[in-house]
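Residue numbers (our numbering), protein chains in the order written: chain A, 1 to 133; chain B, 1 to 133. So the structure is just underneath, and the comments pick up after that.
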DNA sequence: TCGATATCGGACTGAAGGAGTCTGATATAT
DNA sequence: ATATATCAGACTCCTTCAGTCCGATATCGA
Ligand code: SF4
Ligand code: SF4
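Encoded structure:
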């Protein structure tokens, strides 16, 4: 139904939070989650994915937590969404379980691909720094 | 995960088919479904929704079927998607079951609303005639 | 009039994905 | 040592999706 996952939503909020306090040390999942009413366990899970994709750096142990891996200007909304939800693709022409049976005779595949491209561009052009402003 | 429903996909294909044969009489759900490997029952259901939203006209009885309610130039991809899936909204800030609990302190609501607006505009600007070309 | 062919409306099912929880393991500062 | 973190994955509950099915209504043609 063309909806962003809640995880991506949370991820954007978290990265946004870290951007707002960029250079002020690290923040734990608890720190971030508390301010926005996000379940801590879920927030942790989201942050982990962002680390795995190289958007954040993490520090174990007490006084540990997360920081941005690079300045907010160089992190896009697409980066965050892609790290959490995988590739942005409004159609399911080909998924992990084979391709859509309509593919050969589909008449809307190409036009939708173009629409998808525009969405990707829009998300890619939107930096975290810009969101924060 | 930001994906269009299969129903919308089918709807676009159906409307596209009717556009391609605009002025050549009406086509039944069976007619349309057959050409694209779409389950007939599901195709019928999708077409019914399009009729209810005024995009198509229907004719009961034998030799009945569906025709476009207006020329392809004046039907947009958004019209079709909206008729089938409801309003295009990438966030769930407010749904039928109340609003998102993060709404008051959400920092990404506004930026995402703007992204949504761009998507809506893109879909709205894409007419069926254009898809067909 | 009868029967075939349509749409129409809604209920229904099984499968998939989403949201969130929980547990155990590892790393680090005090 | 202990408290505090991240980390990794399995797990449950719930919603949505894709597709089916049935009964009702409308229309055409023989
Ligand atoms: S091939 Fe056509 S029908 Fe199948 S997913 Fe892609 S766009 Fe949709
Ligand atoms: S309010 Fe914020 S968190 Fe809640 S749905 Fe809207 S954008 Fe997502």
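Each residue gets a CB set at the ideal place from its N, CA and C atoms; glycine is no exception. In this text the structure is predicted, and so the values were computed from the model without any measurement.
Residue 121 of chain A burial status per 10 Å Cβ neighbour count (16 or more: buried): exposed
Cutoff 6 Å; reference residue 33 of chain A; Cβ partners in own chain excluding five residues on either side: 40 and 43
Rounded straight-line distance, which links the Cα of residue 15 of chain B to that of residue 111 of chain B: 33 Å
Cut-off 6 Å between Cβ atoms - residues of its own chain near residue 13 of chain A, not counting five sequence neighbours on either side: 36
Opposing strand residues paired with residue 57 of chain A [DSSP bridges]: A/67
Closer than 8 Å to chain A by CB, residue 85 of chain B: yes
Residues sharing a beta bridge with residue 95 of chain A, DSSP: A/98
Contact residues within the stretch 20–53 of chain B, judged by C-beta distance below 9 Å to chain A: 20, 35, 36, 37 and 38
Option in A/93, A/87 and A/76 with minimal Cα separation from residue 124 of chain A: A/76
Listed by chain order, chain A residues near residue 63 of chain B by CB distance under 9 Å: Those within 9 Å of residue 63 of chain B in chain A number zero; the least Cβ separation is about 25 Å.
Contact with chain A by residue 111 of chain B, beta-carbon distance below 8 Å: yes
Residue 8 of chain A - containing alpha helix (DSSP H), residue span: 6–20
Cβ-Cβ separation, residue 11 of chain B to residue 50 of chain B (assumed contact under 8 Å), whole Å: 6 Å
Contact list for the stretch 72–102 of chain A against chain B, Cβ threshold 9 Å: 77, 81, 85, 86, 88, 89, 90, 91, 92, 100, 101 and 102
Selection from B/60, B/61, B/62 and B/66 that minimises the alpha carbon distance to residue 54 of chain B: B/66
Contact set between residue 122 of chain B and chain A, taken where Cβ atoms lie within less than 7 Å: 115 and 118
Residue 33 of chain A: CB within 7 Å of a non-hydrogen atom of ligand 2: no
Limits of the alpha helix (DSSP H) - the one that residue 30 of chain B falls within: 29–36
Amino acids of chain B, ordered along the chain, whose beta-carbon sits closer than 8 Å to that of residue 56 of chain A: The premise fails here: residue 56 of chain A is roughly 17 Å from chain B at the closest Cβ pair, so nothing lies under 8 Å.
Residue 26 of chain B - partner residues in DSSP beta bridges: Answer by DSSP bridge pairing: none, since residue 26 of chain B is not bridged.
Chain A contact for residue 107 of chain B (CB, 8 Å cutoff): yes
beta-carbon residue 45 of chain A near ligand 2 non-hydrogen atom, thresh 7 Å: no
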